[in-house]
Amino acid sequence: MEIETISMPELVCIGLSVRGAWHELPEKVPAGWQRLFAATGDAEHFLEVSRKQPDGAYIEFLGFLASRKTEIPPGLERHVVAAGRYLRLVHEGPLAEIADGFARLHAHAAATGVRLGDLKLDFGYRRGLPDTPHELYVAVEQAPPALGGPAPGSSGRDARL
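Take any residue in the sequence shown, note its place counting from 1, add 7, and you have its number in this note's numbering.
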């Protein structure tokens, strides 16, 4: 699979957050998926948004794409992923090997001098968590905004990922 650099628009997502240390995620994330599937009756295509925190823990946001007008089901929350540039790879192996796909993206960035941010996107989750193709994205580090201009995504009341 070829790695490419693409631009993504702002993404509005509805779902739930799971927080834990790296070694806790294999237990906490599948349990989070089950809670999300139970709370979302008609959603079919899901994504995971991952960000390592300064304290070393990870926040995994499990959700689905929505519009700003989509009603938020009880117990879920809305988050907005800012528009940006990403390295992208299609992973067609088992779900258990997705981490290997992200490792390939990081190795590619290191080999080509691309600086990556800490945000990862993973599209391709389905109910029951079958081994379906996944699109993996790692944010390319953005230059800071120019002085005097608003920070990207500074308007609105939604949480930012």
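Ideal Cβ positions, reconstructed from N, Cα and C, are used throughout, including at glycine.
Treat the numbers as computed from the prediction; the structure is a model and nothing was measured.
Closest in C-alpha terms to lysine 127, from the list His113, Gly120 and Val145, comes Val145. Counting along the chain, leucine 136 sits inside no alpha helix (DSSP H), nor does DSSP assign it H or E at all. The beta carbon of leucine 136 sits closer than 8 Å to those of Pro37, Trp40 and Leu102, all from its chain and outside the five residues before and after it, given in chain order.
Straight-line measurement puts the Cα of valine 147 at about 12 Å from the Cα of alanine 89. At a cut-off of 3 residues, the continuous stretches assigned as beta strand (DSSP E) that sit fully inside the segment 67-127 are 84-88 and 91-98.
Comparing C-alpha distances from glutamate 51 to each of Glu67, Leu72 and Leu32 shows the shortest one belongs to Leu72. Cβ-Cβ distances below 7 Å link lysine 59 to Tyr65 and Asp125 in the same chain, with the five nearest sequence neighbours on each side left out; the list follows chain order. The three-state reading of DSSP puts glycine 22 in strand, counting E and B together. The Cβ-Cβ distance between glycine 27 and lysine 35 falls below 8 Å. Check the Cα spacing between cysteine 20 and each of Ala117, Thr12 and Phe68: the tightest is with Phe68.
Residue environment: glycine 91 is assigned as buried (16 or more neighbouring CB atoms within 10 Å of its CB, all protein chains considered).
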